[in-house]
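The opening position of the sequence shown corresponds to residue 11 in my numbering, with each subsequent residue numbered one higher. Note that the Cβ used here is the ideal one computed from N, Cα and C, for glycine as well.
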Amino acid sequence: MEYTPAPPSTADQQPSRCLTTRADRSQLPDARLAPARTATSRLSKARKWTGREAQLSISVEGQIDISGPVGKLLHRRRLQNATVMQSFGIDPVTGEIFVLQVVEGGLTLAGESGPRTGKQRAYAGDLAVTRLSQAGTITGYMYLRGFGHGVSMGVEHHNGVSRLWTETASIPMGTNVPEEEKEGYGTAVTHFEFRSGTVVDSGSSQLAEPYQPVVGATNVTCTIDPTTNRVIVRFKSGSTMFEAYDLDKARAGDWTPLTRITQPDAKGVFQGYASLGGVLYMLAGQGYSDTVKPPGNTYLTAVDWATGAILDQQFVTAAPGLELREPEGMAVSVQNGVQYVHFGFAGEEPGPRTCTLLSLSGAPEVDGVKVLADWQPIPLASGVTADVRAPQGRLISIAGTTMLQLSGGVKGTFEADTRIGTLPDALAPSMAVQGSVPRNNSAGVCTARAEADSVRELWLYGGRSTNPITWAQLDNFSAVWR
Numbered sequence: 011m012e013y014t015p016a017p018p019s020t021a022d023q024q025p026s027r028c029l030t031t032r033a034d035r036s037q038l039p040d041a042r043l044a045p046a047r048t049a050t051s052r053l054s055k056a057r058k059w060t061g062r063e064a065q066l067s068i069s070v071e072g073q074i075d076i077s078g079p080v081g082k083l084l085h086r087r088r089l090q091n092a093t094v095m096q097s098f099g100i101d102p103v104t105g106e107i108f109v110l111q112v113v114e115g116g117l118t119l120a121g122e123s124g125p126r127t128g129k130q131r132a133y134a135g136d137l138a139v140t141r142l143s144q145a146g147t148i149t150g151y152m153y154l155r156g157f158g159h160g161v162s163m164g165v166e167h168h169n170g171v172s173r174l175w176t177e178t179a180s181i182p183m184g185t186n187v188p189e190e191e192k193e194g195y196g197t198a199v200t201h202f203e204f205r206s207g208t209v210v211d212s213g214s215s216q217l218a219e220p221y222q223p224v225v226g227a228t229n230v231t232c233t234i235d236p237t238t239n240r241v242i243v244r245f246k247s248g249s250t251m252f253e254a255y256d257l258d259k260a261r262a263g264d265w266t267p268l269t270r271i272t273q274p275d276a277k278g279v280f281q282g283y284a285s286l287g288g289v290l291y292m293l294a295g296q297g298y299s300d301t302v303k304p305p306g307n308t309y310l311t312a313v314d315w316a317t318g319a320i321l322d323q324q325f326v327t328a329a330p331g332l333e334l335r336e337p338e339g340m341a342v343s344v345q346n347g348v349q350y351v352h353f354g355f356a357g358e359e360p361g362p363r364t365c366t367l368l369s370l371s372g373a374p375e376v377d378g379v380k381v382l383a384d385w386q387p388i389p390l391a392s393g394v395t396a397d398v399r400a401p402q403g404r405l406i407s408i409a410g411t412t413m414l415q416l417s418g419g420v421k422g423t424f425e426a427d428t429r430i431g432t433l434p435d436a437l438a439p440s441m442a443v444q445g446s447v448p449r450n451n452s453a454g455v456c457t458a459r460a461e462a463d464s465v466r467e468l469w470l471y472g473g474r475s476t477n478p479i480t481w482a483q484l485d486n487f488s489a490v491w492r
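The following block contains the structure:
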């Protein structure tokens, strides 16, 4: 979550390390990215926002239909710390996922004399980075002291390693709150190699020289568009601005902006952004609370880089079964030539918090069917074996309805309701889905119930000691997925 307090005094804005800044911005043109356009682009149908409804119009390269359907990248995954995720990025080569969060209370990091509270960590701008595999397994972590709040991040694969681009030079900010209630936000951006198990301080020689878009800028964050090789910087200096830079030049220290647009209304509490081709995407909303009830107030917005105008803005109802369901972070990726826009939700109440990442696919429909996750094997539980063909699952959208489809079969001696497998994250629903499946005919009973639940488990119901299930076939399982 991003707060917008009154800016601190100039004296409070001096980071611990020399910044590259650009004070004279008079020569910078607004909205001059001039992305490629095509009226027949298959990436998506662009929409012109009218304030009440979106109407079909021309296509902008990089625009994906933010009204859905929605697939999934990660489902309810624990992170290195128990706090709410703030943002995430994806290595474009390895597919590894990096997630930022404010450090939890009670930890003592290297060089500290004792544990610090969660409020102290938030005030100082201390962040944790978790690296996860594509399967959702934690494979590494880092701690970043004095960096900020983690509203956004970028990941690139450079010289064979993952490099993270984040905010840094944190200062505490807050309006009408006691000093100790303020939270740290970055005033510059930097980049560095991910080194698992290490603790890095703002101003460390391990970091690239910090860059501040303009003297006195606050809430400075960044992300990367791998399709245009650009780094995007968002900052506040009077109004809130987005600027695009050439990634290779910025890495070398040349921060010459290519374009600048003013942030339009994101329709709620700002929670993240991403850039894909000629489109900037924004995420806004809050988690469930006493004042925010389901289905919540999450919105996605697509903005034209060429004009700064809103192309589309949609209310998001995806992942309705999550607890808390606080929108957090955005990223883009390209997988097998298909472009994706991802956005996240923090889950679990009261915690520990988890990370769920959803995906909007740029793949075209084929004969009215859009594949959101192609056939994937379903690992079987102990004591369960495949019957003829091993179980698989896929996620598709038919006429706007997302369906979980299963295939294959299982066999064994199931004398009770039995967990038969574990779903990959891409297939896991936020609410349980079920369907009838054929089983061995015994005493006139020839069907059982298969159910995929919200903790990634696949169950087979109906087996009893007096009438055990010896086989079940999953090919006709097709259920609405949410």
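Asked                                                                                                                                               : Found
Only counting the same chain, and skipping five residues up and downstream in sequence, which positions put a Cβ closer than 6 Å to that of ALA132? : VAL112, GLU193
Whose CA, out of VAL420, GLU191, THR237, PRO337, lies closest to the CA of THR327?                                                                  : PRO337
What are the boundary residues of the beta strand (DSSP E) that LEU433 is part of?                                                                  : Segment: none, LEU433 is in no beta strand (DSSP E) and carries neither H nor E.
Applying the 10 Å Cβ sphere with the 16-neighbour rule, what's the burial state of THR266?                                                          : exposed
With a Cβ-Cβ cutoff of 8 Å, do GLY282 and PHE353 count as a contact?                                                                                : yes
Does DSSP put ASP258 in a helix, in a strand, or in coil?                                                                                           : helix
Identify the continuous alpha helix (DSSP H) that holds GLY128 and give its terminal residues.                                                      : 128 to 134
Taking Cβ positions, are ASP211 and ARG155 nearer each other than 8 Å?                                                                              : yes
Measuring CB to CB, does TYR291 end up less than 8 Å from MET251?                                                                                   : no
What whole-angstrom Cβ distance do LEU321 and ALA312 have, given they're in contact under 8 Å?                                                      : 4 Å
Using the DSSP secondary-structure output, state which residues sit across from PRO182 in a beta bridge.                                            : GLY194
What do you get for VAL230, buried or exposed, if any count of 16 or more other CB atoms within 10 angstroms of its CB means buried?                : buried
List in chain order: all unbroken alpha helix (DSSP H) runs of 4+ residues lying wholly within the stretch 96 to 175.                               : 128 to 134
Please name the residue or residues paired with THR412 in a DSSP beta bridge.                                                                       : SER407
Inspect the beta-carbon positions of TYR298 and GLY278 and report whether they are closer than 8 Å.                                                 : no
Can you tell me where the beta strand (DSSP E) holding TRP481 begins and where it ends?                                                             : 479 to 483
Quick one: grab the DSSP three-state call for SER36.                                                                                                : Unreliable positioning characterises SER36 in this predicted model, as indicated by a pLDDT of 44, which lies under 50. A coordinate reading is not provided.
If the criterion is Cβ atoms closer than 8 Å, does the pair MET95 and VAL80 meet it?                                                                : no
Please determine, among ALA438, THR395, THR197, GLN273, the residue with the shortest C-alpha to C-alpha distance to LEU414.                        : ALA438
So what does GLU177 bridge to, in DSSP terms?                                                                                                       : VAL199
From this set, THR423, MET441, GLU467, which residue's C-alpha is nearest PRO478's C-alpha?                                                         : THR423
Buried or exposed: which applies to ASP377, given that a residue is buried once 16 or more other Cβ atoms fall within 10 Å of its Cβ?               : exposed
Can you grab the Cα-Cα spacing for the pair LEU89 / GLY146, in whole Å?                                                                             : 10 Å
How about THR237 and VAL344: do their beta carbons lie closer than 8 Å?                                                                             : yes
Below 8 Å CB to CB, which residues in the same chain sit around ALA138 once its five sequence neighbours on both sides are set aside?               : LEU89, GLN90, ASN91, THR93, LEU110, GLN111, VAL112, VAL113, GLU114, TYR151, MET152, TYR153, LEU154
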